[in-house]
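Down below is the structure, laid out as structure tokens.
In my numbering, the protein residues as written are 28 to 760.
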């Protein structure tokens, strides 16, 4: 309890801390599901810090949600008021660089700057020694004169070197790190828990590199708050632990919003290479007279042409005139091409029982002494070119650090050929439209279907982990998907008074995609939403399966309701809209269940009284989704496993996350309503496999009350009326 910063834990919080402490002491992994009010952050962080103190380890707590990052900082600051800990908050270099350069440029600048500073310091030392020897020689020491002559020769050499180094690119911020007293920074850093923005501002005022100082200062700290990629990317993780001065076994990792780890790990394991990269690589090779360039071109140009032909064939622009005519007659061709927008759109290329279309096209087009030999030549040439670019930047011959496109393209094609047929990897081609030129171009991608190929290694390396979320169940699925070995599992439901909430499964028509345009269905759903909004004494949050449905019903509500209707739209910053909404007291906000408001954002107290989930938010079931299902079926030996693991459970987790946006404290009063028959207990026998009721954890199913759409307004009127929420007479039903 020495790390617990408040008077008393919540109900069940002490039990959770005890169980997590015991598990971490034994080096076990923990899956911890807790509803809002469980105090998940402190329940995990407090015992982790205690075990770390006992065993001389460092706690790394990580999230991919900005709101949670701020919460971690607040909790860490509260802990430091009670018990002395050294805590830092770490973000990527890109958000903390004062001169906005990339990783490769930064590395070269650091090397150049350190070499320059070292040479300057060597010169100062030699100058001091030269003066000392001069005095000794003037006092009659003959040996001092000879020594001084040798020092003068060294000085001349150092000055020549400094002349060369002065022409190289250096970072003045990092130079100040090396030449000025930075003890004041570290004293300031550990007086409190400083955010990356605070570190950036402090360093900017003093013309220091805050990122590099932070790297120097995190060795042996008690607690680090960071983003997922610091742990999920194997290369970054290795560097990160080295900065910490810790072996992996000296780290206790805590993942918040851990239901997102699956997708994040999949993203980190996926490899892509754009058509533009291949074009740049071929231009690069055309400018070199190295004999290996011809071999490299053999492989890369064939893959580039195969990539273009593969997506052109899909769009009806293949080489065959007969095929082009047939495509145009059938409505493909120009029409398909016109549909391409600025978002990447997949072109399926996978085949059952044989290599994908892109690989087959590549093999058909390639001619040379052998793909493997040509790619090896391309890799070696690329490595040498990359070294030349670094040297040119180091010497100040170029203003920016050029990255070798040949090396990137060759590495990708090698991976494509060697790994593309491996279990869990799905080859795909995507196309997009360049907004500036209106040209369509493509990319090849090795999409990783099995996240445990990333996470399994991480969990084996570190001392122990805690994965916490409000939606981790079913635990056996989380274990399988992430590659956890016999973790300790625990789940705590809402600890707030049950009388203060109602959760309804409303018998509106099931919003199957094929029924969404049905006028009768739209009328029924609109009427039910309108009733719920009208009976809510305050703001209503309404979540829909996608932004299109959110827009559809926002427009219908505007035509029906006297309430202010806010619409969250894709690609638009949402925080200003959220602030405007919570400042209102009689409004409805329509958004997508796949948007940023569905998780990690609180609507406390009267910010929102009612939350509606309209429909079941199944993802777009494209070829990638099918590939993930097939990979899960193969990995876990079950014909229905893929659907359950890859689609059904993540979908219900989205719904559960949305429900958690309201009822955030013991005093909150609110209604949570699921508008779709697929959620109800009663409809399970009618809907069969389309019912999702049984996918909810047992305690949440117990909370769900089936109700007819025409009865919802009466139930809500009675509930809010019983709690005196209307501040007067309730609205007429």
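Even glycine gets a Cβ: it sits at the ideal position worked out from N, Cα and C. If you're wondering where the values come from, they're calculated on a predicted model, not measured in any experiment.
Could you tell me how far apart the beta carbons of residue 493 and residue 59 are, in whole angstroms, since I believe they sit closer than 8 Å?
At roughly 6 Å, the Cβ-Cβ gap stays under 8 Å, so residue 493 and residue 59 are in contact.
Sorted by chain position, which residues of the same chain lie with C-beta nearer than 7 Å to residue 753's C-beta, five sequence neighbours on each side aside?
564, 747, listed in sequence order.
In or out: residue 262 buried (at least 16 other Cβ within 10 Å) or exposed?
Exposed.
Under the rule that 16 or more other beta-carbon atoms within 10 Å means buried, what is residue 537, buried or exposed?
So residue 537 counts as buried.
State the Cα-Cα distance for the pair residue 285 and residue 408, rounded to the nearest angstrom.
Spanning the two alpha carbons is a distance of roughly 42 Å.
Residue 733: first and last residue of the uninterrupted alpha helix (DSSP H) it sits in:
From DSSP, residue 733 is part of no alpha helix (DSSP H) but of the beta strand (DSSP E) over 731-734.
Taking 8 Å as the threshold (C-beta atoms), are residue 442 and residue 587 in contact?
Cβ atoms of residue 587 and residue 442: not closer than 8 Å.
How many angstroms separate the CA atom of residue 631 from the CA atom of residue 558?
So the alpha carbons of these two residues sit roughly 23 Å apart.
The alpha helix (DSSP H) enclosing residue 623, as first and last residue numbers:
Counted as a single uninterrupted DSSP element, the stretch harbouring residue 623 is not any alpha helix (DSSP H), since DSSP gives it neither H nor E.
Which one or two residues does DSSP pair with residue 88 in a beta bridge?
Looking at the DSSP assignment, residue 88 forms a beta bridge with 252, 281.
Going by DSSP, what residues sit across from residue 764 in a beta bridge?
Nothing in the structure corresponds to residue 764, since the chain is present only between 28 and 760.
Count the CB pairs spanning the stretch 702-711 and the stretch 657-671 that are closer than 8 Å, and state whether there are at least three.
No contact exists between the stretch 702-711 and the stretch 657-671.
Might you give, ordered along the chain, the residues of its own chain that have their beta carbon closer than 7 Å to the beta carbon of residue 175, omitting 5 neighbours on each side?
Cβ neighbours of residue 175 beyond the five flanking positions: 157, 160, 161, 164.
By the 10 Å Cβ neighbour count, where 16 or more other Cβ atoms means buried, how is residue 347 classified, buried or exposed?
Its pLDDT being 44, under 50, residue 347 is placed unreliably by the model, and the measurement read from it follows with that caveat. It counts as exposed.
How many angstroms separate the CA atom of residue 29 from the CA atom of residue 72?
Each residue's alpha carbon lies about 12 Å from the other.
Using a Cβ-Cβ cut-off of 7 Å (strictly less than) and excluding sequence neighbours within five positions of residue 392, which residues of its own chain qualify?
Only 329, 332, 333 meet the Cβ criterion.
With C-beta atoms as the reference, is residue 43 less than 8 Å away from residue 519?
Closer than 8 Å, so yes.
Could you tell me how far apart the beta carbons of residue 36 and residue 66 are, in whole angstroms, since I believe they sit closer than 8 Å?
Residue 36 to residue 66, Cβ: 7 Å. Contact.
Measure the Cβ-Cβ separation of residue 739 and residue 531 and say whether it is below 8 Å.
Yes, the pair counts as a contact, with Cβ atoms nearer than the cut-off.
Does any residue of chain D bring its CB to less than 8 Å from the CB of residue 319?
Among the chains in the structure shown there is no chain D, since it carries only a single protein chain.
Please classify residue 540: does DSSP put it in a helix, a strand, or coil?
Residue 540: helix per DSSP, three-state reduction.
Excluding the 5 residues preceding and the 5 following residue 182 in the sequence, name in chain order all residues of the same chain whose CB lies nearer than 6 Å to its CB.
Closer than 6 Å at the Cβ level, and outside the excluded window around residue 182, lie 153.
Considering only DSSP beta bridges, list what residue 690 is partnered with.
DSSP, once it has assigned bridges, lists no residue as partnering residue 690.
Just to confirm before moving on: does the CB-CB distance between residue 364 and residue 468 stay below 8 Å?
Their beta carbons are not under 8 Å apart, which means residue 364 does not touch residue 468 by this criterion.
Close Cβ partners of residue 385 (< 7 Å) along its chain, the five nearest in sequence each way excluded
Closer than 7 Å at Cβ, skipping near neighbours: 333, 334, 337, 376, 454, 456, 471.
DSSP state of residue 30 mapped onto helix, strand, coil
In the structure shown, the three-state DSSP call for residue 30 is coil.
When burial is assigned at 16 or more other CB atoms within 10 Å of the CB, is residue 126 buried or exposed?
Taking a 10 Å sphere around the C-beta of residue 126, we find fewer than 16 other C-beta atoms and assign the residue as exposed.
Can you tell me where the alpha helix (DSSP H) with residue 74 in it begins and where it stops?
Run containing residue 74: 67-82, per the alpha helix (DSSP H) assignment.
Which residues in the same chain as residue 529 place their Cβ atom closer than 6 Å to its Cβ, once the five residues preceding and following it in sequence are excluded?
In its chain, beyond the 5 residues on either side, 698, 746 have a beta carbon closer than 6 Å to the beta carbon of residue 529.
What does the Cβ neighbour count give for residue 129, buried or exposed, with the cut at 16 atoms within 10 Å?
Looking at its Cβ environment, which holds fewer than 16 other Cβ atoms inside 10 Å, residue 129 is exposed.
So the candidates are 525, 250, 242, 339; which of them puts its Cα closest to the Cα of residue 269?
Closest by alpha carbon: 242.
Residue 593 by DSSP, collapsed to three states: which one?
Assignment of residue 593 by DSSP, reduced to helix, strand and coil, places it in the strand class.
Using a Cβ distance threshold of 8 Å, determine whether the stretch 178-198 contacts the stretch 422-429, with at least three qualifying pairs required.
Segments in contact, yes.
With H, G and I counted as helix, E and B as strand and the rest as coil, what does DSSP make of residue 444?
It is helical.
Name, in chain order, the residues that DSSP records as bridge partners for residue 341.
For residue 341, which the question treats as bridged, DSSP gives no partner whatsoever.
Could you tell me the distance, in whole angstroms, from the CA atom of residue 2 to the CA atom of residue 180?
In this structure the chain extends from 28 to 760, so residue 2 is not present and cannot be described.
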